[in-house]
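Below is one structure, written out as structure tokens; comments come after it.
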Amino acid sequence: MTTHPPTELSIENSALVLIDHQPWVAFMCETNATLLVENLTLISRAAKALGVPTVLTSVGAKGGVLVDPLFTQITDVFPEIAVIDRTSTAAWADPALRAAVEATGRKKLVMAGLATDVCLTQAVLGALKDGYEVYFMTDCSAGTTKEGHEDAKLRLVQAGAKPVNATVVAFEWAPDYTSPERAAIQPILVEHGGASVLAIQYLMAQVSAGILMCQPEAWWGHGRDARRCPPTRSWGSAATSSRRRRCCAPSSRHDCRTSPPGRRLSALATTALDEDGTVLPWSLRLRGWWDRALPMSAGTCAGHGRPNFPASH
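When the count follows the UniProt record's numbering, it moves up by one through the sequence shown with no breaks and lands on 313 for the last residue.
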């Protein structure tokens, strides 16, 4: 099992706790509801895809003045999880909630809730008192007022909790761009990640149009056969001919620092595993762009089964 620094979140050491994300409660909060729902959808789907234990709770959802269930964007992701309904804003005082959190076996809690200055604050303070390490997601929470949201954030930080956001948590859960875990959540990040993924979408458009080549590093050297050779490829001008990649001995390892500036896409064109364990750019496979973005000739690379590229493109 991978070891992590004491303050780093991982899928092995953390649990997700979502508190009172309900329509009527949201109406009472001062926030951009569209962004709030997008961020919650991102973290919910990421947690589900990675198997992160999740606890859901609501307040007054089963009756009283109004019936106010959790957002369907959350419950649709976790149909198997029973929502713990409470009658108090002090979520951590509820024995069922504490028991559900304890049952996860995790001591790092990623928490978010409505409102930041009421139910979330009380829950975080209670968890801290009981010895949990709490990370509260500011972009998946909202206060009764903007001032209340900011005041609560400051209070929680002073109490020892750590502010994070949904995208940061997802990246910490799956930090390796070539891992199956990142491949599992990358489509979720692209769909719900907002401005943080615009660069990826832009670069993939260039790859699809044949303007840029997705670096071979993104799909060789990380699979079961770490010695696969790159295809022959020209960068397209005499001035850059010395930078052309040629087939090499199977034992060679490749360094993207030899690539032309501006074309190091491997870190952005993140990856998915092919059937044989070879890592391929996830977005090309996901969108069916592979053949168009990377046209192949009938040849193979030094007899290692990897198709050659044309000498120029």
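Idealized CB from N, CA, C, for every residue including glycine. Quantities reported herein were computed from a predicted structural model and do not represent experimental measurements.
{"Item": "My understanding is that A115 touches V25, with C-beta atoms under 8 Å, so please give their C-beta distance in whole angstroms.", "Value": "7 Å"}
{"Item": "What residue does the alpha helix (DSSP H) around I185 start on, and which one ends it?", "Value": "P180 to H192"}
{"Item": "Return the bridge partner residues of F171 from the DSSP annotation.", "Value": "According to DSSP, which records beta bridges pairwise, F171 is partnered with nothing at all."}
{"Item": "At what residue ranges does the region 29 to 68 contain a whole run of the alpha helix (DSSP H), taking only runs of 4 or more?", "Value": "33 to 50"}
{"Item": "Three or more C-beta pairs under 8 Å: does that hold for the region 145 to 158 against the region 6 to 21?", "Value": "no"}
{"Item": "Quick one: residues in its chain with C-beta nearer than 7 Å to the C-beta of A46, no 5 flanking neighbours on either side, listed in chain order?", "Value": "A170, W173, I185 and I188"}
{"Item": "Using a Cβ-Cβ cutoff of less than 8 Å, which residues in the same chain neighbour E181 once the five nearest sequence positions on both sides are dropped?", "Value": "I11, L50, W173 and A174"}
{"Item": "Terminal residues of the continuous alpha helix (DSSP H) containing P23?", "Value": "P23 to F27"}
{"Item": "Can you pull the DSSP bridge partners for E147?", "Value": "Answer is none; E147 lacks a bridge partner."}
{"Item": "Exposed or buried, D117, counting other C-beta atoms within 10 Å across all chains shown (16 or more means buried)?", "Value": "buried"}
{"Item": "Alpha carbon to alpha carbon, how far is G156 from L42?", "Value": "In the sequence on display, residue 156 carries Leu and not Gly. Looking at the two C-alpha atoms, the distance is approximately 23 Å."}
{"Item": "If contacts are defined as beta-carbon pairs under 8 Å, then S14 and K162 qualify, I think. What distance do you get, rounded to the angstrom?", "Value": "Incorrect: roughly 12 Å between the Cβ atoms, too far for contact."}
{"Item": "My output table needs one value for E12: the three-state DSSP class, helix, strand or coil.", "Value": "coil"}
{"Item": "Please report the straight-line C-alpha distance between T240 and Q201, rounded to a whole angstrom.", "Value": "Unreliable placement is indicated for T240, whose pLDDT of 40 sits below 50; no coordinate value is reported for it."}
{"Item": "Taking buried to mean at least 16 other C-beta atoms within 10 Å of its own C-beta, is G105 buried or exposed?", "Value": "exposed"}
{"Item": "Per the contact definition of three or more C-beta pairs closer than 8 Å, is the region 86 to 96 in contact with the region 117 to 131?", "Value": "yes"}
{"Item": "Which residue marks the beginning of the beta strand (DSSP E) containing E133, and which one marks its end?", "Value": "E133 to M137"}
{"Item": "State the DSSP-derived secondary structure class of G126, mapped to helix, strand or coil.", "Value": "helix"}
{"Item": "CA-CA distance, G193 and I211?", "Value": "25 Å"}
{"Item": "Assign I19 to one of three DSSP states: helix, strand, or coil.", "Value": "strand"}
{"Item": "According to DSSP, simplified to helix, strand and coil, what is I211?", "Value": "coil"}
{"Item": "Tell me which residue opens and which closes the beta strand (DSSP E) that R86 is part of.", "Value": "I84 to R86"}
{"Item": "Looking at the unbroken alpha helix (DSSP H) that takes in P95, where does it start and where does it end?", "Value": "P95 to T104"}
{"Item": "When the Cα atoms are used, what is the spatial distance from D139 to F71?", "Value": "16 Å"}
{"Item": "Relative to the C-alpha of residue 326, which residue among T178, I84 and A183 is closest?", "Value": "No information on residue 326 is available, as it lies outside the stretch 1 to 313 that the chain covers here."}
{"Item": "For L70, which of helix, strand or coil comes out of DSSP?", "Value": "coil"}
{"Item": "Give me whichever residues DSSP pairs with P163 in a beta bridge.", "Value": "F136"}
{"Item": "Using beta-carbon positions only, say whether V67 and R86 come within less than 8 Å of one another.", "Value": "no"}
{"Item": "Leaving out the 5 sequence neighbours to the left and right, which residues in its chain are closer than 7 Å to L268 when beta-carbon positions are compared?", "Value": "With a pLDDT of only 39 at L268, under the threshold of 50, the placement of this residue in the model should not be trusted; the figure read from the coordinates follows. Only A199, I200 and L203 meet the Cβ criterion."}
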